[in-house]
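Chains A and B supply the protein sequences, listed in that same order.
Numbering of the first sequence is given in the numbering used here, commencing with residue 23 and proceeding in unit increments.
Numbering of the second sequence is given in the numbering used here, commencing with residue 13 and proceeding in unit increments.
Ideal Cβ positions, reconstructed from N, Cα and C, are used throughout, including at glycine.
Beneath this line is the structure, given in structure tokens, with notes to follow.
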Amino acid sequence: MDLVKYLTFSMILFLLGIWGIFLNRKNILIMLMSIELMLLAVNLNFLVFSVYLDDMMGQLFALFVLTVAAAESAIGLALLVITFRIRGTIAVEFINCMKG
Amino acid sequence: VNIIKSTESLHEILFLFLEVGLILGSLGVVILTNIVYSAFFLALVFVCISLLYLLLNADFVATAQILIYVGAINILIVFAVMLINKPQSFNFFPSWTTGDGITCAACTGLFFLLITTISDTSWSEIYLVTQSNNIVEQDLGGNIQRIGYLLLTEFLLPFELLSIILLVALIGAITVARREKILEMRVKSQALQAKED
């Protein structure tokens, strides 16, 4: 019963992240935050199964996911700042308009 | 190894508190229009998840989560929020479009499907097939010793590749954010040369 509760909450977090991506098409920063929410839900899932199966692999993989999420966040935010500097807007719908 | 000496009911109460905080925090991140509030609710979500990891006896991952997520990623996000000054809208929640309704219906459908899948699966029949026969590994107590041992023996290649990923991210982010100055200087020198001719 404990496992089912943890898995349910991890799934709720993941679905809220997905909903957040579709809800905030005008604001790419909130989309990045929703992606972080989804990564957190997956991390929680890994850790729950690591405790349940008594295997250390889950915690290690959660650490890997943490590191890759940090690197991806840094690059994503750098790109976001440059995009805002050049275009003056962070709406996602105008990103496919190339100049020239 | 149990870190928190707690009874069953204390475990339940803490779990409930953290879950309520998590759900409210993530709803706040996703729904609110003010980006600054979203960034701070995201910090609340990170801290709640870290405490949840502590409840699951994963002390190293909980500490790493606070250090990396709250200490680095959230600060980056707050910096990005401060660099992007959007016009202030005075309503807390955004207006509801039909696309939002379709997405909400799809997510709720997915939620019910997954709830039935999770509660119908017999989790008690799943057990780990391969058990570690290594004497050294069974001797190590504590989470961080076991993580350190595994990182340097079985998972050495991912560990080294992770450092390469971090190096690439560092160099890439700095290069991307710096390119404007080089372009400006090149344009100015070309303009000066054109003037002299």
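Within its chain, find whatever has a CB closer than 7 Å to the CB of residue i; leave out the 5 residues flanking it on each side and keep chain order.
{"i": "alanine 55 of chain B", "result": "Val82, Asn86"}
{"i": "threonine 110 of chain B", "result": "none"}
Alpha carbons only, please: which of the options is nearest the one belonging to residue i?
{"i": "methionine 38 of chain A", "options": "B:Leu26, B:Ser38, B:Leu67, B:Phe72", "result": "A small fix is needed here, since residue 38 of chain A is leucine in this sequence, not methionine. If we check each option's Cα against that of leucine 38 of chain A, B:Ser38 comes out closest."}
{"i": "cysteine 116 of chain B", "options": "A:Leu45, A:Asn49, A:Ser32", "result": "A:Leu45"}
{"i": "tryptophan 108 of chain B", "options": "B:Leu44, B:Ser201, B:Arg190", "result": "B:Leu44"}
{"i": "tyrosine 89 of chain A", "options": "A:Ile34, A:Leu62, A:Asp76", "result": "Note that residue 89 of chain A is threonine in the sequence shown, not tyrosine. Closest option to threonine 89 of chain A, Cα to Cα, is A:Leu62."}
{"i": "valine 103 of chain A", "options": "B:Ile114, B:Lys207, B:Ala206, B:Ala185", "result": "B:Ala185"}
{"i": "threonine 187 of chain B", "options": "A:Ala96, A:Gly110, A:Leu25", "result": "A:Ala96"}
{"i": "tyrosine 28 of chain A", "options": "A:Phe36, A:Asn67, A:Leu99, A:Asn49", "result": "A:Asn67"}
{"i": "asparagine 46 of chain B", "options": "B:Asp71, B:Val93, B:Leu36, B:Ala76", "result": "B:Val93"}
{"i": "phenylalanine 31 of chain A", "options": "A:Val64, A:Leu54, A:Phe106", "result": "A:Val64"}
{"i": "leucine 163 of chain B", "options": "A:Val70, A:Leu85, A:Arg107", "result": "A:Leu85"}
Do you know how far the Cα of residue j is from the Cα of residue i?
{"i": "glutamate 24 of chain B", "j": "tyrosine 65 of chain B", "result": "14 Å"}
{"i": "valine 13 of chain B", "j": "alanine 74 of chain B", "result": "Residue confidence for valine 13 of chain B is low, a pLDDT of 42 falling below 50, so the modelled location carries little weight; the figure read from the coordinates is stated next. Distance between the alpha carbons of valine 13 of chain B and alanine 74 of chain B: 15 Å."}
{"i": "isoleucine 89 of chain B", "j": "isoleucine 156 of chain B", "result": "29 Å"}
{"i": "aspartate 132 of chain B", "j": "phenylalanine 123 of chain B", "result": "14 Å"}
{"i": "phenylalanine 36 of chain A", "j": "lysine 48 of chain A", "result": "21 Å"}
{"i": "glycine 122 of chain A", "j": "phenylalanine 29 of chain B", "result": "With a pLDDT of only 42 at glycine 122 of chain A, under 50, the local geometry of the prediction cannot be trusted, and no value is derived from it."}
{"i": "glycine 33 of chain B", "j": "valine 41 of chain B", "result": "12 Å"}
{"i": "valine 87 of chain A", "j": "phenylalanine 52 of chain B", "result": "22 Å"}
{"i": "leucine 25 of chain A", "j": "alanine 84 of chain B", "result": "31 Å"}
{"i": "glycine 98 of chain A", "j": "leucine 51 of chain A", "result": "9 Å"}
{"i": "aspartate 71 of chain B", "j": "threonine 128 of chain B", "result": "32 Å"}
{"i": "methionine 33 of chain A", "j": "leucine 36 of chain B", "result": "15 Å"}
{"i": "serine 175 of chain B", "j": "serine 21 of chain B", "result": "42 Å"}
For residue i, does the three-state DSSP call read helix, strand or coil?
{"i": "leucine 68 of chain B", "result": "coil"}
{"i": "leucine 152 of chain B", "result": "coil"}
{"i": "threonine 187 of chain B", "result": "helix"}
{"i": "phenylalanine 31 of chain A", "result": "helix"}
{"i": "methionine 72 of chain A", "result": "It should be noted that the sequence gives serine, not methionine, for residue 72 of chain A. Serine 72 of chain A falls in the helix class under three-state DSSP."}
{"i": "asparagine 65 of chain A", "result": "helix"}
{"i": "asparagine 46 of chain B", "result": "coil"}
{"i": "glycine 122 of chain A", "result": "Confidence at glycine 122 of chain A is low in this model, with a pLDDT of 42, below 50, so its placement is unreliable and the value that follows should be read with caution. DSSP places glycine 122 of chain A in coil when its eight states are reduced to three."}
{"i": "phenylalanine 86 of chain A", "result": "helix"}
{"i": "asparagine 86 of chain B", "result": "helix"}
{"i": "arginine 158 of chain B", "result": "helix"}
Beta-carbon within less than 8 Å of residue i's beta-carbon, same chain only, minus the 5 sequence neighbours each way: which residues are those?
{"i": "valine 73 of chain A", "result": "Gly80"}
{"i": "isoleucine 40 of chain A", "result": "Ser56, Met60"}
{"i": "tyrosine 49 of chain B", "result": "Gly40"}
Please list, in chain order, all residues of the same chain as residue i whose beta carbon is under 6 Å from its beta carbon, the five residues on each side excluded.
{"i": "leucine 78 of chain B", "result": "The question names leucine, but residue 78 of chain B is isoleucine in the sequence shown. So the list reads Ser62, once near-sequence residues are dropped."}
Could you tell me if the beta carbon of residue i falls within a distance shorter than 7 Å of some heavy atom in the ligand COA?
{"i": "serine 56 of chain A", "result": "What this structure holds is no ligand at all, so the ligand COA is not there to describe."}
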